[in-house]
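Asker:
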Amino acid sequence: ESLRAAMVSNMEKLTTTTVPLNSRPGVRQALLTVIIFCVLIAVWSALRLYARRVRNTPLNVEDTLFYVSVAAYYGMSVVFFLLLYFGGVGYHMNQLGKGHVARLTQVSLYGLSMCTSKWSILWMLKRVFAVRMFCICTWIIIVVQAAWIIMTLLIGLLICRPVQKNWDPTTDGTCGDQIAGYTAVSIINVIVDVSMCLLPVPVIWGLQVKKPYKMALFGIFGIGLSSVIFAIIRLFSLRKIDFDDFSYSVPQVITWTYAECGVVILVACFPLLRPIF
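For the record, in the sequence shown the residue sitting at position 97 is 401 according to the working numbering, with numbers rising by one throughout.
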C-alpha cells in the first residue's frame, strides 16, 4: 500500500524531469553498451550491403531477416532511451509515475530481433551446407526459435493480469512467477545458441578446404560462443531482478540483453564479409 501511495503521489513527476546518470547504478554501463553496439551494427550492416554489391548478388531471404533484426534492435534502442529519460530506469519504483508502457514494447522487440537474426544465420547455413540431415536439424532449430518468440511474447503479455500491471504495479491485479517465466525463456535461448554453435562443426570439419580457411570458419562460429556467454550472464542477472522494484534493478539486465542481441547480429554478418576482407 505504501508503494502504491508513493507512486500515485508522483504520477507525472518523472515524465518531464531527469536525474544525472551517475546517480543511477548501472545506467551508464547500459547506455554505453547500447551506443557501442548501435555503431558496430550500423558499420557491419553497411559492410554486408557493400559485400553483396562487390559480388553482384541480390538480397535474399537471409538478408531480409537480418535487416528486420537490425530494425528491431534500433527499435529496442529507441525504447531504451525513452525508458532512460522518461520511463524511470534506475529509479526506485516508489519514485515513479505512470507512462511505462515502453517496457512491454521492449520485450516484444527483443524477441523479434533475436529471432530474426538467428533465423538469418540458420537460413544461411541451410543454403551453404545443403546436406539433408543438416537441413533437417536447421529446420528443427528454426521451429524451436519460432516457438521461443511466441513464448516470450505470451509471458510478456499474460504473466500479469490485467495486462497493464506488467508496467504499472499500482494497478489492482496479480502476477505469476515472473522470475521463473523469464528464466525459462532465457534457458531455451541458451540451448538454441549452443545448438547453433555446434551444428556446423561436423560439416566444417569435413570440408575439403585449406586449413587456414577452415580455421577461419571455426573462428567465426567461435565468436558466436560469446553470445552464449552473454546469454548465460543475462540469465543469472535476470534471476537477481526485484520485480517489486523493477526499474531500479533492471539496468544490468539491459546491458547483457543488448550485448547478447548485438553479438548475434554481428555474427550473422561475419561469413558474408569475405569479399571485402
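Glycine is no exception: its CB is placed at the ideal position from the N, C-alpha and C atoms.
With a Cβ-Cβ cutoff of 8 angstroms, do Gly485 and Leu457 count as a contact?
Answerer: Counting from 1 along the sequence shown, the entry for residue 485 is found at position 181. Counting from 1 along the sequence shown, the entry for residue 457 is found at position 153. In this structure, Leu457 does not lie closer than 8 angstroms to Gly485 by Cβ.
Asker: Name the two residues that bound the continuous alpha helix (DSSP H) containing Gln468.
Answerer: Here residue 468 refers to the residue found at position 164 when the sequence shown is read from its first residue. Segment: none, Gln468 is in no alpha helix (DSSP H) and carries neither H nor E.
Asker: Please report the residue range of the alpha helix (DSSP H) in which Gly379 lies.
Answerer: Here residue 379 refers to the residue found at position 75 when the sequence shown is read from its first residue. From DSSP, the alpha helix (DSSP H) with Gly379 extends over 365–386.
Asker: Taking all protein chains shown into account, decide if Trp427 is buried (16 or more other Cβ within 10 angstroms of its Cβ) or exposed.
Answerer: For the purposes of this step, residue 427 is identified with residue 123 of the sequence shown, where counting begins at 1. Flag for Trp427 reads buried.
Asker: With a 10 Å radius around its C-beta and 16 neighbouring C-beta atoms as the bar for buried, classify Asn360 as buried or exposed.
Answerer: Indexing the sequence shown from 1 puts residue 360 at position 56. Counting Cβ neighbours within 10 Å, Asn360 comes out exposed, since fewer than 16 surround it.
Asker: Could you check whether the stretch 438–448 touches the stretch 373–390, counting it as contact only if at least three pairs of C-beta atoms, one from each stretch, sit closer than 8 angstroms?
Answerer: Verdict: no, contact absent.
Asker: Is DSSP giving Thr361 helix, strand or coil here?
Answerer: For the purposes of this step, residue 361 is identified with residue 57 of the sequence shown, where counting begins at 1. Thr361 falls in the coil class under three-state DSSP.
Asker: Have a look at Ala450 and Leu529 and give me their C-alpha separation to the nearest angstrom.
Answerer: Within the sequence shown, the letter at position 146 stands for residue 450. Within the sequence shown, the letter at position 225 stands for residue 529. Going by the C-alpha atoms only, they are around 21 angstroms apart.
Asker: Can you tell me whether Pro620 is buried or exposed, with buried defined as 16 or more other CB within 10 angstroms of its CB?
Answerer: The requested residue 620 does not occur in the structure, where the chain is confined to residues 305 to 581.
Asker: Please classify Pro506: is it buried, with 16 or more other beta-carbons within 10 angstroms of its beta-carbon, or exposed?
Answerer: As a working note, residue 506 is residue 202 in the sequence shown. Result: exposed.
Asker: Beta-carbon separation of Cys479 and Trp452 under 8 angstroms?
Answerer: As a working mapping, residue 479 is identified with position 175 in the sequence shown. As a working mapping, residue 452 is identified with position 148 in the sequence shown. No, Cβ-Cβ distance for Cys479 and Trp452 is not below 8 angstroms.
Asker: Exposed or buried, which one is Ala346 when buried takes at least 16 other CB atoms within 10 Å?
Answerer: Numbered from 1 along the sequence shown, position 42 holds the residue referred to as residue 346. Exposed, because fewer than 16 other Cβ atoms sit within 10 Å of the Cβ of Ala346.
Asker: Report the rounded CA-to-CA distance for Ile569 versus Ile558, giving the unit in angstroms.
Answerer: Against the sequence shown, residue 569 aligns to sequence position 265. Against the sequence shown, residue 558 aligns to sequence position 254. So the alpha carbons of these two residues sit roughly 17 angstroms apart.
Asker: By how many angstroms is the C-alpha of Asp497 removed from the C-alpha of Phe574?
Answerer: Along the sequence shown, read from residue 1 onward, the residue named residue 574 stands at position 270. Along the sequence shown, read from residue 1 onward, the residue named residue 497 stands at position 193. Looking at the two C-alpha atoms, the distance is approximately 16 angstroms.
Asker: Using 8 angstroms as the threshold, is the stretch 421–436 in touch with the stretch 362–371, meaning 3 or more CB pairs across them?
Answerer: Short answer: they touch.
Asker: Expressed to the nearest angstrom, what Euclidean distance is found between the alpha-carbon atoms of Glu564 and Phe534?
Answerer: Residue 564 sits at position 260 when you count from the first residue of the sequence shown. Residue 534 sits at position 230 when you count from the first residue of the sequence shown. Roughly 5 angstroms between the two C-alpha positions.
Asker: If Val494 sits next to Leu539, beta carbons under 8 angstroms apart, how far is it from one beta carbon to the other, in whole angstroms?
Answerer: Numbered from 1 along the sequence shown, position 190 holds the residue referred to as residue 494. Numbered from 1 along the sequence shown, position 235 holds the residue referred to as residue 539. With a Cβ gap of about 6 angstroms, Val494 and Leu539 count as contacting.
Asker: Can you tell me the Cα-Cα spacing of Ile440 and Ile537, whole angstroms?
Answerer: Position 136 of the sequence shown, counted from the first residue, corresponds to residue 440. Position 233 of the sequence shown, counted from the first residue, corresponds to residue 537. If you take the alpha carbons of Ile440 and Ile537, they lie about 30 angstroms apart.
Asker: DSSP state of Thr456, grouped into three classes?
Answerer: The residue given as residue 456 occupies position 152 in the sequence shown. Three-state DSSP puts Thr456 in a helix.
Asker: DSSP on Thr561, reduced to helix/strand/coil?
Answerer: Taking the sequence shown and counting its residues from 1, one reaches residue 561 at position 257. Correct three-state label for Thr561: helix.
Asker: Can you give me the start and stop residues for the alpha helix (DSSP H) that Thr487 sits inside?
Answerer: For this step, residue 487 is matched to residue 183 along the sequence shown. Unbroken alpha helix (DSSP H) run through Thr487: 482–502.
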